[in-house]
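Peer 1: This note's numbering numbers the first residue of the sequence shown as 49 and each following residue consecutively.
This is the structure I have questions about; it appears just below.
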Amino acid sequence: MKMRAAIYARVSTANNGQDPRVQTRELGEFCERRGWTLAEYVDVGVSGTKEKRPALDRLMADAHKRRFDVVVVARFDRFARSVSHLLRALETFQALDIEFVSLSEQLDTSTPTGKMVFTVLGAVAELERSLIVERVKAGLRNARAKGKRLGRPRKIVDTARIASLRAQGLSWVAIGERLDIGEGTAYRAAHSSAKNPSKSESVTRCKPRPTEARFEPPKTVLLQATQDLLHRKDRSIRFAYGSVTDIDV
Numbered sequence: 049m050k051m052r053a054a055i056y057a058r059v060s061t062a063n064n065g066q067d068p069r070v071q072t073r074e075l076g077e078f079c080e081r082r083g084w085t086l087a088e089y090v091d092v093g094v095s096g097t098k099e100k101r102p103a104l105d106r107l108m109a110d111a112h113k114r115r116f117d118v119v120v121v122a123r124f125d126r127f128a129r130s131v132s133h134l135l136r137a138l139e140t141f142q143a144l145d146i147e148f149v150s151l152s153e154q155l156d157t158s159t160p161t162g163k164m165v166f167t168v169l170g171a172v173a174e175l176e177r178s179l180i181v182e183r184v185k186a187g188l189r190n191a192r193a194k195g196k197r198l199g200r201p202r203k204i205v206d207t208a209r210i211a212s213l214r215a216q217g218l219s220w221v222a223i224g225e226r227l228d229i230g231e232g233t234a235y236r237a238a239h240s241s242a243k244n245p246s247k248s249e250s251v252t253r254c255k256p257r258p259t260e261a262r263f264e265p266p267k268t269v270l271l272q273a274t275q276d277l278l279h280r281k282d283r284s285i286r287f288a289y290g291s292v293t294d295i296d297v
């Protein structure tokens, strides 16, 4: 039975000399040399950083329906928008018993070398996640040691004002917008005040406003090295362990 291949190509714009046929022709010839039947999935005018890509979304949906046995791409960056995106896709394909081939990086997950590279990338990503968790925990411990208050910022809520607005018939959403607090915060403050009428003000933890900066853990050397690995031009990976010094993939 012939292998069924899904070839995926992407160009950011239909202009500037970019033609998806350059990719699909090379991918098609590769599949034909191996006697594979093929189906094309092409995204034109779509940035690689976009979360949604019509053809790629259709490819992933068809993968779950087992409509092909192998996915073939020209380069990693034509397929995935990040290292984590690539690894998630490869894990999905592995679970579905679908192979993955990238011509530029010469990666073929059906081969021992390809499986090894996938394992290495997965291990690096897992270590990266563990390091981020440990750094966050260390930061929290340090903050507690310095007496800093953790969690959402506290805000004083005027429960009498909430009661007045509620009596005027305003909804919880409208009250929240009027007082610049969440509707849930307004609701909880009002009910807390009803249970304890002596309090005219309530202190509650509020969700950060959308404009507030969020903490983004710094990129570690390991993740940067992995990303550099995926974008190397010489198609070789160097290891410093044992007697293995250079492996072509």
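All C-beta atoms in this analysis are idealised placements derived from N, C-alpha and C, irrespective of residue type, glycine included.
So the beta strand (DSSP E) leucine 86 belongs to, where does it begin and stop?
Peer 2: By 1-based counting over the sequence shown, the position of residue 86 is 38. 85-92 is the span of the beta strand (DSSP E), which, as asked, contains leucine 86.
Peer 1: What three-state label does DSSP hand isoleucine 55 in the structure shown?
Peer 2: Residue 55 sits at position 7 when you count from the first residue of the sequence shown. Strand at isoleucine 55.
Peer 1: Check the C-beta distance from valine 120 over to alanine 53 and give it rounded, since I have them as a contact under 8 Å.
Peer 2: The residue labelled residue 120 in the question sits at position 72 within the sequence shown. The residue labelled residue 53 in the question sits at position 5 within the sequence shown. At roughly 5 Å, the Cβ-Cβ gap stays under 8 Å, so valine 120 and alanine 53 are in contact.
Peer 1: Does the structure place the segment 79-88 close enough to the segment 150-160 that three or more beta carbon pairs sit under 8 Å?
Peer 2: No contact exists between the segment 150-160 and the segment 79-88.
Peer 1: Just verifying my parser: in three-state terms, what is the DSSP assignment at arginine 106?
Peer 2: Position 58 of the sequence shown, counted from the first residue, corresponds to residue 106. Helix.
Peer 1: When you compare the segment 234-243 with the segment 197-216, are there three or more beta-carbon pairs, one atom per stretch, that lie closer than 8 Å?
Peer 2: They touch, by the three-pair rule.
Peer 1: State the start and end residues of the unbroken beta strand (DSSP E) segment that holds lysine 196.
Peer 2: Indexing the sequence shown from 1 puts residue 196 at position 148. Segment: none, lysine 196 is in no beta strand (DSSP E) and carries neither H nor E.
Peer 1: Using three-state DSSP, classify aspartate 206 as helix, strand or coil.
Peer 2: Start at 1 with the first residue of the sequence shown, and residue 206 comes out as number 158. Aspartate 206: strand per DSSP, three-state reduction.
Peer 1: Give the DSSP-derived three-state secondary structure of proline 68 in the structure shown.
Peer 2: Taking the first residue of the sequence shown as position 1, residue 68 is located at position 20. Here proline 68 sits in helix by DSSP.
Peer 1: Quick check: the Cα distance between aspartate 228 and leucine 198, rounded to an integer number of angstroms?
Peer 2: One-based indexing of the sequence shown puts residue 228 at position 180. One-based indexing of the sequence shown puts residue 198 at position 150. Near 22 Å, if we compare the C-alpha coordinates of leucine 198 and aspartate 228.
Peer 1: First and last residue of the beta strand (DSSP E) that includes phenylalanine 148?
Peer 2: Start at 1 with the first residue of the sequence shown, and residue 148 comes out as number 100. Its beta strand (DSSP E) spans residues 147-150.
Peer 1: Once you ignore the five residues that flank aspartate 105 on each side, which residues in its own chain have a CB closer than 8 Å to its CB?
Peer 2: Counting from 1 along the sequence shown, the entry for residue 105 is found at position 57. None.
Peer 1: For leucine 135 and valine 70, I'd like the C-alpha separation in whole angstroms.
Peer 2: In the sequence shown, residue 135 corresponds to position 87, counting from 1. In the sequence shown, residue 70 corresponds to position 22, counting from 1. So the alpha carbons of these two residues sit roughly 26 Å apart.
Peer 1: Should proline 256 go down as buried or exposed, given a rule of 16 or more other Cβ atoms within 10 Å for buried?
Peer 2: By one-based count along the sequence shown, residue 256 stands at place 208. Residue placement at proline 256 cannot be trusted, given a pLDDT of 46 that sits under 50; the coordinates are not used to answer.
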